[in-house]
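Going letter by letter, the sequence shown gives residues 21 to 739 in my numbering.
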Amino acid sequence: AGLSTQPIWRKLWDDVMKTRPPNSENITCWRKKFLETFFSNVLHGVLDVSSDWRLNDHHFSPLLHSSPHVSQLTLCNMLQGAVELTAEHNQKVLENLAGSLQILKFQHLLSSDQSIRRSLVLLLHRLIHHGSVSQVSMYSWPVPDTVLLVLILSMSAGFWRSGSALVYHSSPCGLCREEKDKAQSQESAEERAERGRCDEREQSDGENQKGSPRAPEETDARLNSVLSRPRSPPLRNQACEEASSKVPCDYTSIQGGSSCCVSDQLSCHPVLRKTRRRLKSAVGKKRRCLRRSRGLHADPEDLYDFVFTVAREDNAGLLDTNSATEGENPENWTSSSRGSLCTGHAVCKKRGGSAGIFSLKAAHRFRSVSTLELFSIPLTGETCRTLCNLLSSWVSLENLVLSYNGLGANIFCILSGLRALSRHPDCHLRVLRVSDVFSHVPCIELVHCMLSTVPQLHTLSVSFDLKNQLEGNRPEGNPSCSEAEIPESRLEQLEIRFPREPLHTAFLLPVLKASKSLQQLSLDSAMLPCSQELGLLLEVLKECNPHLKKLSFHDVNLAEHQKEVLLLLQDPVLQEITFSFCRLFESSTTEFLSEIINTVKRNTSLKSLKLPGNRLGNHRLVALADIFSEDSSSSLCQLDVSSNCIKPDGLLEFTKKLEGHIQQRGGQIQFTHLRLFQNWLDQDAETAQEALRRLKAVCSVVNDSWDSSQAFADYISVM
């Protein structure tokens with residue numbers, strides 16, 4: 021007890037895996053790392069168990085014993101792992117994974133046949149719908165199989181049709197069958213209780229009629245007055261009311277099983293979820309009970325809701341007139357549906373309507389994941405419209421990452437689905453990250469549109485490499501996003517990577533004004549059109565965002581903005597400031613460096629200063645040590661001077677000067693972290709080692725073994 025087993029698991033890794041794990045310095049639990057990798061390697065046939073005498077035992081099942089410790093799993097290529105896990109002999113392994121697996125990843129997938137898709141459906145149903153998987157990520161799929169992609173997306177969203185198009189096995193899922201039997205037994209008990217109440221009312225009615233007979237005309241008049249009484253419509257969900265003309269709202273909510281539109285669809289109700297035959301039978305029983313109990317004190321509210329709910333259920337089929345046709349293959353999931361969410365989008369109209377998901381009435385809604393990530397997977401217009409419809413009701417979704425999907429104008433189709441989702445009272449979406457090669461509209465405009473669409477976001481990240489090659493190309497029917505008003509948002513973190521676009525503060529102003537809770541702002545690769553632009557931005561931030569704690573500039577030319585840089589370093593609220601590759605000292609004098617040092621020395625709120633890629637060199641690094649001098653009131657804890665052409669002798673001189681300041685202050689210093697990535701420390705290994713050894717006695721140092729000569733050769737080769 022009390023002894024760590026980490027060294028044992030580390031040695032087991034070396035003996036069994038015989039490879040060096042990536043990022044080994046960041047591994048906190050070797051036991052978990054070993055068992056997860058062991059499971060994955062055995063599953064995919066990378067590790068031969070028979071090659072190790074300790075594992076070559078017929079009483080030992082590698083997958084079974086390691087599965088309870090697996091929290092993330094990656095399936096690749098032809099999905100051989102899915103086929104293996106759904107095999108009969110691995111039933112217990114799959115049960116263990118359903119309880120332990122949190123993250124499911126797909127990488128480098130290839131087209132699959134019907135049998136493989138059958139295995140994948142069973143796997144996803146068990147791990148997501150009846151398991152604990154909360155994140156689904158897909159990577160590097162240059163030519164995605166539409167059928168397979170839609171299958172994964174739909175089941176991640178919690179949809180699973182119970183018809184022949186989705187159930188590939190002869191009998192339903194055992195867990196589903198248990199839930200169905202439980203629901204049926206509950207319904208039967210309720211039916212028996214209702215029948216008993218009807219019998220009691222009939223008996224009481226007979227006794228009352230013997231004692232004081234009532235005229236049938238009087239009773240009919242009473243019932244008619246109840247049904248014709250003017251009153252407000254039954255309770256409706258506002259989000260569903262607004263979207264009822266676009267998407268059928270007959271799914272049950274994921275959390276807690278509550279319905280999203282209680283009175284719109286009787287099948288949504290957890291108690292009255294019955295077949296059409298049972299509904300008609302229930303209607304008949306209810307009406308007979310009403311006829312038998314004329315003159316009694318029936319609740320008019322219950323009577324009104326029941327009558328009109330049944331009427332809506334009888335007409336509910338109109339919602340599915342254009343739904344996907346039933347079939348044996350999942351291709352039918354993307355059949356066109358005139359009632360899909362983004363039919364109003366100009367791009368969708370050009371392509372002949374929207375390809376919606378399968379009919380929601382024909383699908384069961386199960387548990388869904390909270391995080392969806394799609395990296396380097398091209399999304400066609402049809403796939404985007406399918407994703408749009410899925411997103412519109414994906415209330416459990418908290419994080420959505422769309423990276424390099426070639427969206428183009430289809431980004432507005434995705435936003436259409438997110439708009440419908442944001443109106444749902446149970447919407448949990450808090451993080452949205454979108455990145456791509458080409459931007460279809462200016463970055464600021466897209467940020468404005470996204471925030472007005474989903475004001476509940478806490479984190480919004482928009483990143484593009486290049487501007488659209490066709491300047492001014494805007495989809496028809498989509499006016500400028502900046503025209504939409506942004507309600508007060510909950511945004512706390514905003515990241516914008518511009519495709520070398522000018523930063524116009526006037527366009528960013530509505531976003532910042534609506535984001536009173538903003539704490540982090542990152543601006544990357546922006547161009548400052550005039551010298552006053554940065555000053556205007558600082559004024560807006562000071563006025564509109566009083567809670568801003570972190571501000572970052574990357575690849576923004578600040579060589580001519582020394583005054584604004586000093587103003588930022590004086591800010592009494594900011595705790596972290598980053599000037600990354602901002603050419604700070606390109607045209608500066610020694611006085612500017614001295615002003616920076618004196619400003620930081622007086623700032624008691626600044627905790628982290630990051631200056632990577634600004635060509636500090638040796639002499640400026642040595643000067644920065646004065647931030648920690650005896651007369652300094654600085655609270656600086658972290659300093660990043662990566663990629664600054666620092667040589668070993670300069671680092672050693674900085675170390676000696678820092679040691680002198682610490683000695684003068686009696687060892688009282690808050691400085692804890694120094695980052696030194698990609699500097700020229702390999703030019704004198706002995707001096708560099710001495711400097712690093714002495715620095716590590718003062719603070720935590722993070723550096724790498726970087727070949728500066730090779731990096732310089734690479735730089736020359738691309739000039």
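For each residue, glycine too, the CB sits at the ideal point set by N, CA and C.
- Contact between Ser-132 and Met-98 holds: CB atoms are separated by about 6 Å, below the 8 Å threshold.
- Collapsing the DSSP output to three states places Lys-677 in a helix.
- In this structure, Trp-73 lies away from Ile-397, with their beta-carbon atoms at least 7 Å apart.
- Three or more pairs of CB atoms, one per stretch, sit closer than 8 Å, so the stretch 661 to 674 contacts the stretch 632 to 640.
- Contact check for Ser-607 against Ala-579 passes: the beta carbons are separated by less than 7 Å.
- Taking C-beta atoms as the reference points, Leu-147 and Val-113 fail to come closer than 7 Å.
- Annotation: Ser-70 to Asn-76 spans about 5 Å, alpha carbon to alpha carbon.
- If you compare the alpha carbons of Ser-157, Arg-138, Thr-106 with that of Ile-123, the shortest gap goes to Ser-157.
- Excluding the 5 residues flanking it on each side, Leu-129 has same chain C-beta neighbours closer than 6 Å at Trp-161, in chain order.
- Close CB contacts of Pro-522 within its chain, under the 7 Å cut and outside five residues either way in sequence, are with Met-547, Pro-549 (chain order).
- Inclusion of Ser-390 and Ser-423 in the CB contact set at 7 Å is not warranted, their separation being larger than that value.
- One Cα belongs to Asn-46, the other to Ser-60, and the distance between them is close to 20 Å.
- Val-474 counts as buried, since no fewer than 16 other beta carbons sit within 10 angstroms of its beta carbon.
- At the C-beta level, Gln-590 and Thr-619 come within 7 Å of one another.
- Look at Pro-164 here: in three-state DSSP terms it is coil, with no helix or strand label.
- CA-to-CA, the gap between Pro-566 and Asp-704 works out to about 47 Å.
- Annotated as distal: His-460 and Asn-425, with beta-carbon spacing of 7 Å or more.
- As a beta-bridge residue in DSSP terms, Met-158 pairs with Phe-126, Leu-394.
- The straight-line gap separating the alpha-carbon atoms of Glu-710 and Leu-672 is approximately 7 Å.
- Spatial neighbours of Ser-653 in its own chain (CB-CB distance under 6 Å, excluding positions within 5 residues in sequence) are listed in chain order as Thr-624.
- Taking all protein chains in view, the Cβ of Gly-119 is surrounded by fewer than 16 other Cβ atoms within 10 Å, so the residue is classified as exposed.
- Your pair Trp-33 and Pro-41 checks out as a contact, with CB atoms roughly 7 Å apart and the cut at 8 Å.
- Nearest to Leu-532 by alpha-carbon distance, out of Gln-688, Val-153, Val-467, Leu-63, is Val-467.
- A Cβ-Cβ contact shorter than 7 Å links Gly-101 with His-64.
- Assignment of Phe-573 by DSSP, reduced to helix, strand and coil, places it in the strand class.
- For the 7 Å CB-CB criterion, Glu-515 and His-478 do not form a contact.
- Beta-carbon to beta-carbon, Leu-656 and Ile-647 are separated by about 6 Å, close enough to satisfy the 8 Å threshold.
- Under the 10 Å beta carbon count, His-444 is surrounded by 16 or more other beta carbons and is classified as buried.
- Here Ser-24 is exposed: its Cβ has fewer than 16 other Cβ atoms, across all protein chains shown, within 10 Å.
- Separation of the CB atoms of Ser-720 and Thr-692 is rounded to 6 Å, and the pair is thereby assigned contact status at 8 Å.
- Within the same chain, and ignoring the five residues on either side of His-681 in sequence, the residues whose Cβ sits closer than 7 Å to its Cβ are Ala-645, Phe-648, Ser-649, Glu-650.
- For Phe-484, DSSP records a beta bridge to Asp-456.
- 7 Å or more divides the Cβ of Glu-596 from the Cβ of Leu-554.
- Here Ile-689 has Phe-648, Ile-682 as same chain residues with Cβ atoms under 7 Å from its own Cβ, once five neighbours each way along the sequence are excluded.
- Separation of Ile-172 and Thr-94 (C-alpha to C-alpha, rounded to the nearest whole angstrom) is 14 Å.
- Annotation: the continuous alpha helix (DSSP H) that includes Cys-564 extends over 553 to 564.
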